[in-house]
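Heads up, the sequence shown is in the working numbering, so the first residue is 28 and it goes up one at a time.
Glycine residues also receive a C-beta, built at the ideal position from the N, C-alpha and C atoms.
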Amino acid sequence: NQSRLRRLAPLVEKGALAEEYIFGVEATLRESQRALRENQGRLQQTQAQLDQLQAELSQHQSEAQRVEIAAQQQLQRLEIEYGNLQAQIAETSTLLQAAKSQLDRTYIHAPVAGIVSSLNINNIGEVAQPGQTLIEIAPTNARLVMSGQLSSRETGLVSAGMPVQLKLDAFPYQTYGILPGKVLSVSPDSKTTSNNEVVYDVEIALERDYVIHEGQVVPLKVGQTGRAEIVTQQKRVIDILIDPVRQLKTGGINL
């Protein structure tokens with residue numbers, strides 16, 4: 028170094044050291060100084076690169092934090108929106124169920140499939156009274172019975188199981204013959220007709236649900252009318268008016 032050169036200079040003047048040695052030391056000093064400057068330059072360059080990387084890292088961290096905050100905010104908004112949609116769906120489902128229930132109450136649903144045999148309300152807007160029979164239905168594939176009215180004078184002579192001879196209006200007995208049957212039941216309570224006649228309802232079971240003409244089987248239909256002659260012990264034949272043929276299982280179905 029330079030301080031060493033200063034110490035060696037007097038020795039050179041006195042001839043104790045050769046000048047070549049001094050020149051070598053000076054050359055070494057210059058090389059060391061050059062290497063020092065290069066290292067300092069590389070150090071500064073490295074420091075600059077380090078500072079740039081640090082700045083980029085800080086920028087990326089800030090960007091990542093900003094993205095994370097934005098994502099959390101978006102997630103919160105979606106959760107709120109999801110909750111609102113669930114509430115709307117629940118409310119809509121409740122309203123839909125109420126509407127369906129209200130719609131169901133506007134219809135009368137038959138408990139079985141069949142044919143309407145009696146309709147007791149005919150006008151649009153007509154008010155139905157509590158307990159009123161609106162429609163009578165003859166169930167599909169049920170046995171046929173005839174329902175009629177028996178005069179109160181004859182009630183004591185008629186009981187279940189008595190034989191009956193049926194004459195249907197749609198099938199003249201002179202051509203189709205008489206259809207056999209039996210008394211199925213007689214109502215325990217009487218009622219008064221429009222002619223002020225006291226009658227009892229009677230049901231007659233048919234032995235078959237068809238008539239035969241010229242070898243052809245002709246099925247009976249719900250709603251057909253006729254007369255029934257009940258054979259009793261005291262009287263040979265009792266004529267009773269028969270309501271339309273009804274197709275019943277056990278006493279009828281009222282809606």
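DSSP places Asp-236 in the coil class of the three-state scheme, outside both helix and strand. For the pair of segments examined, the segment 143 to 155 was found not to touch the segment 194 to 201: the number of CB pairs separated by less than 8 Å stays below three. For Thr-219, the enclosing beta strand (DSSP E) stretches over residues 206 to 219. In the structure shown, Gly-183 adopts helical secondary structure according to DSSP, grouped into three states.
Within the same chain, no Cβ atom closer than 8 Å to the Cβ of Thr-121 is found once the five residues on either side in sequence are excluded. Closest in C-alpha terms to Gly-253, from the list Val-172, Thr-167, Gln-99, Val-143, comes Val-172. Proximity to Ser-179 across Thr-220, Arg-64, Gly-188, Thr-202 peaks at Thr-220, based on C-alpha coordinates.
If you draw a straight line from the Cα of Asp-236 to the Cα of Leu-247, it is about 6 Å long.
Per DSSP, the unbroken alpha helix (DSSP H) holding Gln-201 starts and ends at 200 to 203. Beta-carbon to beta-carbon, Ser-174 and Glu-256 are separated by about 16 Å, too far to satisfy the 8 Å threshold.
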